[in-house]
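Residue numbers (this note's numbering): 3 to 328.
These notes are about the structure you will find just below.
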């Protein structure tokens, strides 16, 4: 009798295992569903984006990506629209499926291109516009980090897409926009993180003076800014406070003996270089003493309260002019 009960119990146990297996086969797991939606793809496409910081505001540039057409499994019977949305809930499933540790991202950090709408004409199986993801809000992201960005596709009329889920890996780097001097006439060179000019002033035997013409100083940015023209200001100084930042062993260049043109430099959108150069003119050479070392400074400054006035770099934002009449 005991053996009979044992056999009946074993038979029921085996039957239960087959029933569970059959149920799992009829109802795919979340992993199976996600794998099918991905159509065998892992991390489909890699991108690079830059968050440009200007005056405490982020401007976002997705500068490296591959445009991907949205595809149907068969041609659309009518004009249709496919919608693409970033679905951050899929990050956890992806991490479990591929044993990765991608961070959960804010819902508004990235968006689908083309406002997430992709038209497909009747009789066609691909969208006219192509898909990629764009950096939208970097305020809670980290510099140089790589983020997993899942995009879920869906059709307005229930059309079948393959794949219907696409994953992107996006590296985000931060760039703080700065203005700086980039060179000039009279063969300047960098010394102690500033530009150093040494224009020649010669006092001739007949008392006449030979001096430099207009000295030009080029201005630019450390990175292009694609959204708008930006600006930086320039000023010329001969006060001891400014000159002593460079050296105490010079005589300030005399008042009323210099002038500056192009005090506000415009750098066009997507350019590294200013439209104009700062122009410094030295004058009144008769007031200079022979064999005396004079010093004059030109410095970049930013406008307070202006969104598109660029802060100046700690390096290369000042130029000093050493004048030694002989």
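We put the CB at the ideal spot given by N, CA and C, even for glycine.
* Asked: Are residue 51 and residue 68 touching if we call contact CB-CB under 8 Å?
  -> Translated into positions along the chain shown, residue 51 becomes position 49. Translated into positions along the chain shown, residue 68 becomes position 66. For residue 51 and residue 68, no; Cβs fall outside 8 Å.
* Asked: Do residue 152 and residue 167 come within 8 Å of each other at the CB atom, strictly closer than that value?
  -> Taking the chain shown and counting its residues from 1, the one referred to as residue 167 is at position 165. Taking the chain shown and counting its residues from 1, the one referred to as residue 152 is at position 150. Yes, these two residues count as a Cβ contact at 8 Å.
* Please state whether DSSP places residue 56 in a helix, a strand or coil. => If you number the chain shown from 1, residue 56 lands on position 54. Strand at residue 56.
* Asked: Taking the continuous beta strand (DSSP E) assigned at residue 116, which residues delimit it?
  -> Counted from its first residue, the chain shown places residue 116 at position 114. For residue 116, there is no enclosing beta strand (DSSP E), as DSSP marks it with neither H nor E.
* Just tell me which of 303, 292, 154 and 288 has its CA closest to the CA of residue 317. => Residue mapping note: residue 317 aligns to position 315 of the chain shown, counting from 1. It is 303.
* Asked: Apart from the five residues just before and just after residue 62, which ones in its own chain have a Cβ nearer than 8 Å to its Cβ?
  -> As a working note, residue 62 is residue 60 in the chain shown. For residue 62, the CB contacts under 8 Å within the same chain, skipping 5 residues up- and downstream, are 51, 52, 53, 54, 136, 137, 138, 139 and 140 in chain order.
* Going by DSSP, which residues form a beta bridge with residue 178? -> Position 176 of the chain shown, counted from the first residue, corresponds to residue 178. Beta-bridge annotation (DSSP): residue 178 is paired with 55.
* residue 243 versus 70, 76, 294 and 301, residue with shortest Cα-Cα distance -> Working through the chain shown from its first residue, we reach residue 243 at position 241. When only C-alpha atoms are compared, the closest one is 301.
* Asked: Could you give the residue range of the alpha helix (DSSP H) that holds residue 97?
  -> In the chain shown, residue 97 corresponds to position 95, counting from 1. Residue 97 -> alpha helix (DSSP H) spans 92-100.
* Exposed or buried, what is residue 93 when buried is set at 16 or more other beta-carbons lying within 10 Å of its beta-carbon? -> Your numbering for residue 93 matches position 91 in the chain shown. Flag for residue 93 reads buried.
* To do: Kindly indicate which three-state DSSP category residue 287 falls into: helix, strand or coil?
  => Here the question's residue 287 lines up with position 285 in the chain shown. Of the three classes helix, strand and coil, the one that applies to residue 287 here is helix, per DSSP.
* Is it buried or exposed for residue 21, if we count other Cβ within 10 angstroms and need 16 for buried? -> What you label residue 21 is simply residue 19 of the chain shown in a count that begins at 1. Because residue 21 sits at a pLDDT of 43, beneath the cut-off of 50, its placement in the model cannot be relied upon, and the following sentence gives the value as read from the coordinates. Under this definition residue 21 is an exposed residue.
* Put residue 141 into one of helix, strand or coil per three-state DSSP. => Position 139 of the chain shown, counted from the start, is the residue given in the question as residue 141. Residue 141: coil per DSSP, three-state reduction.
* Asked: Within the chosen definition, does the segment 319-327 reach the segment 245-264 through at least 3 CB pairs nearer than 8 Å?
  -> Put simply, the segment 319-327 touches the segment 245-264. At least three CB pairs are less than 8 Å apart.
* Asked: DSSP on residue 274, reduced to helix/strand/coil?
  -> In the chain shown, counting from the first residue as 1, residue 274 sits at position 272. If DSSP states are grouped into helix, strand and coil, residue 274 belongs with coil.
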